[in-house]
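According to full-length UniProt numbering, the sequence shown is numbered sequentially starting from 1. Idealized CB from N, CA, C, for every residue including glycine. Predicted, not measured: the structure shown is a model, and the values here were computed from it. A quick write-up on the structure given underneath.
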Amino acid sequence: MGADKERFTTGLPEHLLCEICLGVSYPPMVLCAQEHIACEGCLAQIQASPAKNRCPMCQQAISTPVRASLALKRAIEGYKYTCRHGECDWTGAISDEEGHARDCGSRLVRCYRCDDSYMSKDWLGHWRVCAGAFVSCPEGRQACVGTPEDCGFFKRRDLQAHLENDCTQRKCRVTKGCNTRTTYANLPDHEAGCSAAAKRIQELEEALREKAAGASPRKTPLHSQNVHLTNGGRSDGLHTPLRECSLPHTGGSTSRKRTLDFATDSAAIGAPSSLNASSVTGTPVACSIADSLVKKQRRSSGA
Ligand SMILES: [Zn+2]
Ligand SMILES: [Zn+2]
Ligand SMILES: [Zn+2]
Ligand SMILES: [Zn+2]
Ligand SMILES: [Zn+2]
Ligand SMILES: [Zn+2]
């Protein structure tokens, strides 16, 4: 077979085609004294046939040795040829195509890790998805060491099984700011409790906000003694997550912003009962917000 006509950017004149297969006769072999032309493939077939000494076009004796026509060869090289690798934009002389194709970015390369093929210029893109590439656990990072045979990494194809079966670092997906990490099997239980606790905290915060918005300014800063109070600093067992109060009062140089401690660690999430009114005992808090919160909780818990 001659060179593929379709791979030239323009059509070639007939005298450059193989007279037997009608492909491009490159290199163009001169068969006989009449200078009939054939491609190398067709010449080999003629020489292997019983009539190997006769030109199929004129029946004259085949020249010995058969040479290529250098003039016709140069004429063919004057036409633009395209790369054998489909998505490549390269065009050039047919004589240069083989050298280009060896390093062409569009040539398909077989990945020795996963056996898939990819275009050589896309090696980085393939590496990002290669099933045989080494990766670390996206949830556990350094906490999840991979297999010893993979030098402490996982092969990407093994990662899903790790995440579903072995990984103890799966992150809570329901509450923003929750730092709990556990196994995939334990996630549903945690997340159910976590979202319930987060919802309760939000309700309490809204109640406080409403109360603060409706309260009138006092002349005496009754609650000033509780500013900077934290749960850990109290001995009376008040677990209400109130840290500061923003009730406007005279005498203060700045209006303090009320903030709430969100229960974000696993211990607090696992024990939402710490927010119940039943655990609030001891000295009543001077701050009217905390008072009303405690009353509200008692009402809602039916105590
Ligand atoms: Zn031919
Ligand atoms: Zn001939
Ligand atoms: Zn190419
Ligand atoms: Zn691969
Ligand atoms: Zn992991
Ligand atoms: Zn959580």
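Closest Cα partner of A61 within the set E19, G86, Q34, T175: Within the sequence shown, the letter at position 61 stands for residue 61. Looking at the Cα atoms, Q34 is the closest of the given residues.
Residues of its chain near V174, where Cβ-Cβ distance is below 8 Å and the 5 sequence neighbours each way are ignored: Locating residue 174 in the sequence shown gives position 174, counting from the first residue. E191, C194, S195, A198.
Nearest-angstrom beta carbon gap, G11 and S25 [assumed within contact, 8 Å]: As a first step, residue 25 is located in the sequence shown; it is residue number 25 there, counting from the start. As a first step, residue 11 is located in the sequence shown; it is residue number 11 there, counting from the start. The pair is not a contact, with the Cβ atoms about 14 Å apart (cut-off 8 Å).
Pairwise C-alpha distance: E203 and A185: As a working mapping, residue 185 is identified with position 185 in the sequence shown. As a working mapping, residue 203 is identified with position 203 in the sequence shown. Each residue's Cα considered, the two are about 29 Å apart.
Contiguous alpha helix (DSSP H) assignments of at least 4 residues, all confined to the region 15 to 96: 40 to 48, 70 to 77
Proximity test, H36 beta-carbon vs ligand 7 heavy atom, cut-off 7 Å: Although ligand 7 was asked about, the structure shown includes only ligand 1, ligand 2, ligand 3, ligand 4, ligand 5 and ligand 6 as ligands.
Neighbourhood of R157 by C-beta, 8 Å cutoff - its chain only, sequence neighbours within 5 removed: On the sequence shown, position 157 is the one that residue 157 refers to. Hits under 8 Å: C114, A131, G132.
Residue list, Cβ distance to ligand 5 heavy atoms smaller than 6 Å: C137, E139, G140, C144, H162, C167, Q169
Any non-hydrogen atom of ligand 2 within 7 Å of M29 CB: What you label residue 29 is simply residue 29 of the sequence shown in a count that begins at 1. Because no heavy atom of ligand 2 lies under 7 Å away, the Cβ of M29 does not count as near it: no.
Environment of P50 [buried if 16+ CB atoms lie within 10 Å]: Counting from 1 along the sequence shown, the entry for residue 50 is found at position 50. The residue in question, P50, is exposed, as its Cβ has fewer than 16 Cβ neighbours within 10 Å.
Any 3 or more C-beta pairs closer than 8 Å across the region 39 to 53 and the region 85 to 93: No, the region 39 to 53 does not touch the region 85 to 93.
Start and end residues, beta strand (DSSP E) containing R120: Counted from its first residue, the sequence shown places residue 120 at position 120. Going by the sequence as given, residue 120 is Ser instead of Arg. Premise fails: S120 is in no beta strand (DSSP E) and is neither H nor E.
Cβ-heavy atom distance, M119 to ligand 2, below 7 Å: Counting from one through the sequence shown, the residue named residue 119 turns up at place 119. Outside the cutoff, so no.
Residue from S117, D116, A93, C83 whose Cα sits closest to the Cα of D103: By one-based count along the sequence shown, residue 103 stands at place 103. Among S117, D116, A93, C83, the Cα nearest to that of D103 belongs to C83.
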